Amino acid sequence: MAKPRIAIVGAGFAGLAASRQLSRLPRQEADVHLFDRNASTTMLPALPDVAGGRLEPARIHADLRQLLKPHIQLHLETVQSVDPAKKTLSTAEGVFTYDFLVLTCGAVPDRRGLDEHQEAAYTLGSLADAERICQDFTAYVQSRSSPQVLVVGGGYTGLELASNLKLRSVRLGRPARVTVLERKDRFLAGLPDRIRAYLEKQALRQGIEIRTVVKVDSFDGRNVRLSDGSCHDEVFLCCSTGTRRGLPELQGEKQELPDGRIVVDEYLRIPQHPQIFVAGDAAAILHRDVPLRKAVNFAYYSGQSAGRNILLELRGKPLQAFRPLDLGWVIPFGSTAAGQVLGIDYLAGRLPLAMHYAMCGYRNFTLGNKIYFAKSALRALFGML
Ligand SMILES: Cc1cc2nc3c(=O)[nH]c(=O)nc-3n(C[C@H](O)[C@H](O)[C@H](O)COP(=O)(O)OP(=O)(O)OC[C@H]3O[C@@H](n4cnc5c(N)ncnc54)[C@H](O)[C@@H]3O)c2cc1C
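Under my numbering, residue 390 is the last one in the sequence shown; the count climbs by one each step, no gaps.
This is how it looks when you write it as structure tokens:
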């Protein structure tokens, strides 16, 4: 076979981990191409802190060119579609042919029908989103006597955002009325009752209202009408209604979850297209028949595993199954947090918050930012945030 061409789509945690594995291939053995629509990569879990003005954007992103080994070829282009039959991917610049493909295009916010007046309804999926929320929210709060925030979606991102915006408004001297709206009959559905009860109590303490069985009926760019008939004028509206796959179009046969995640086999390949590996948030990786949740560590290790399997395949060796190790999860909420970590069923307070910042440091991209987050973890532990 001529020198193989390997394309990676998406330079987040999974794509960068795959590229690190593939950079072990000598230049004369393969060409490795990495596509991303942005020139930098972002520590997404810290976006709510940037949106709330608690963290400088520079702390959570890094220039891709400085992170990549010299022989990984970077294309700053958005991949629009992939055609597995022709082994091609398309961008606005043209068509690119690959021998192996790693799809690590992550997930983007899904407004779930809240499509009108998008410029005035904020989502939180990228650094640009977080910076925009921070800037616009500051201007909004300063121009209103009784600012009001509605966060649609009672998942962990919605709660974190609500808490950060509340804190921001207090710091600006104009405490906003902040309400989280959840269409189901419980927020954080699927989480253990004890953790939900803790977060509900914390919401009350922070002055955040959580309302269930309610949705947005209409939004005209300024004013919102809810399904319970109530009207809210001149609100700051945020949509935190879930995510869908970052790559718009993947042709050919495959199995997908409703949010577009692609079902892969134990080696992280699409069964119908074995030259395509999928990792991170773009993949539906079934573990004990349930898809893994979208999380940094799963993205990192699955990206690493996909890259390693391509190396093995090129060397004619058997592939290795991906065996995820679940270290747990934490939901940060202002100056506290709750979660399940290292087999402990219920952890709440400053310790899990410190663990969250420690993870943001450990998986960060530069030494300076790793140290910064390590200090944040210590400050969180001692209640100094
Ligand atoms: C607000 C927020 C808070 C979170 N909090 C936590 C947390 O506390 N703990 C935790 O473990 N996880 C958290 N997550 C989830 C975690 O960030 C993701 O699971 C992780 O980033 C997934 O990594 P990835 O590499 O699959 O995708 P990403 O990190 O999203 O990277 C995908 C990359 O692909 C690029 N891309 C996408 N589409 C295209 C395209 N068509 N063409 C070219 N490039 C493309 C993007 O620009 C991006 O660089 C959070 C996510 C968000 C948004």
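Glycine included, every Cβ here is placed at the ideal spot set by N, Cα and C.
Since the model is a prediction, treat every value here as computed from it, not as a measurement.
{"Query": "Assuming contact is defined by CB atoms lying nearer than 9 angstroms, are isoleucine 65 and valine 37 in contact in what I supplied?", "Result": "no"}
{"Query": "Report the three-state DSSP secondary structure of tyrosine 110 (helix, strand or coil).", "Result": "Residue identity check: residue 110 is cysteine in the sequence provided, not tyrosine. Coil."}
{"Query": "Run the CB neighbour count on aspartate 286, radius 10 Å, all protein chains shown included, and call it buried at 16 or more, exposed below.", "Result": "buried"}
{"Query": "With respect to 8 angstroms, is the separation between the Cβ of methionine 364 and the closest non-hydrogen atom of ligand 1 below this value?", "Result": "yes"}
{"Query": "Pairs of beta-carbons, one from the segment 88-98 and one from the segment 109-121, closer than 8 angstroms: are there three or more?", "Result": "no"}
{"Query": "Return yes when the Cβ of serine 245 is within less than 9 angstroms of the Cβ of alanine 284, no when it is not.", "Result": "no"}
{"Query": "Among Phe378, Glu61 and Leu27, which residue has its Cα nearest to the Cα of glutamine 140?", "Result": "Glu61"}
{"Query": "Alpha helix (DSSP H) containing lysine 249: first to last residue?", "Result": "Looking at the sequence shown, residue 249 is not lysine but arginine. Note, arginine 249: premise wrong, no alpha helix (DSSP H); beta strand (DSSP E) at 248-250."}
{"Query": "Of all the alpha helix (DSSP H) runs that stay within the bounds of the segment 281-355, which reach a length of 4 or more residues?", "Result": "301-319"}
{"Query": "Between the segment 206-215 and the segment 162-176, are three or more C-beta pairs nearer than 8 angstroms?", "Result": "yes"}
{"Query": "Determine the DSSP secondary structure at phenylalanine 192, reduced to helix, strand or coil.", "Result": "coil"}
{"Query": "Taking the alpha carbon of serine 86 as the point to measure from, which residue in Glu254, Lys380 and Thr217 has its own alpha carbon closest?", "Result": "Glu254"}
{"Query": "Would you say phenylalanine 142 and valine 157 are within 9 angstroms of each other, going by their C-beta atoms?", "Result": "no"}
{"Query": "Which value, in whole angstroms, describes the spacing of the CA atoms of leucine 27 and valine 14?", "Result": "14 angstroms"}
{"Query": "With burial defined as no fewer than 16 other Cβ atoms inside 10 Å of the residue's Cβ, what is the status of histidine 278: buried or exposed?", "Result": "buried"}
{"Query": "Rounded to whole angstroms, how far is the Cβ of arginine 173 from the Cβ of glycine 58, which I believe are closer than 8 angstroms?", "Result": "5 angstroms"}
{"Query": "Would you say glycine 195 touches ligand 1, meaning its beta carbon is less than 8 angstroms from a heavy atom?", "Result": "no"}
{"Query": "By a C-beta neighbour count over all protein chains shown, 10 Å radius and 16 as the cutoff for buried, is arginine 201 buried or exposed?", "Result": "buried"}
{"Query": "So is the beta-carbon of glycine 373 under 8 angstroms away from any non-hydrogen atom of ligand 1?", "Result": "no"}
{"Query": "My assumption, with CB atoms under 8 angstroms, is that leucine 30 sits in contact with leucine 356. Please give the rounded CB distance.", "Result": "Not a contact, Cβ separation roughly 42 angstroms."}
{"Query": "Let me check one thing: in DSSP terms, what residues is histidine 38 bridge-paired to?", "Result": "Ala12 and Gln78"}
{"Query": "I'd like to know whether the C-beta atoms of valine 268 and leucine 49 end up nearer to each other than 9 angstroms.", "Result": "no"}
{"Query": "What does a CB cutoff of less than 8 angstroms around alanine 90 pick up in its chain, not counting 5 residues either side in sequence?", "Result": "Gln256 and Gly257"}
{"Query": "By a C-beta neighbour count over all protein chains shown, 10 Å radius and 16 as the cutoff for buried, is leucine 326 buried or exposed?", "Result": "Looking at the sequence shown, residue 326 is not leucine but alanine. Label assigned to alanine 326: exposed."}
{"Query": "State the CB to CB distance for the pair glycine 20 and glycine 308, rounded to an integer number of angstroms; the pair is presumed to be in contact (CB under 8 angstroms).", "Result": "6 angstroms"}
{"Query": "Can you find at least 3 beta carbon pairs, one from the segment 179-193 and one from the segment 121-130, that sit closer than 8 angstroms?", "Result": "no"}
{"Query": "Skipping 5 residues on each side, what residues in its chain have a beta carbon closer than 6 angstroms to that of aspartate 104?", "Result": "Pro9 and Arg10"}
{"Query": "Just the Cα atoms here: how many angstroms apart are histidine 361 and valine 335?", "Result": "6 angstroms"}
{"Query": "Hey, is valine 84 close to ligand 1, as in C-beta under 8 angstroms from one of its heavy atoms?", "Result": "yes"}
{"Query": "How far does the beta strand (DSSP E) with aspartate 68 in it reach, from first residue to last?", "Result": "66-68"}
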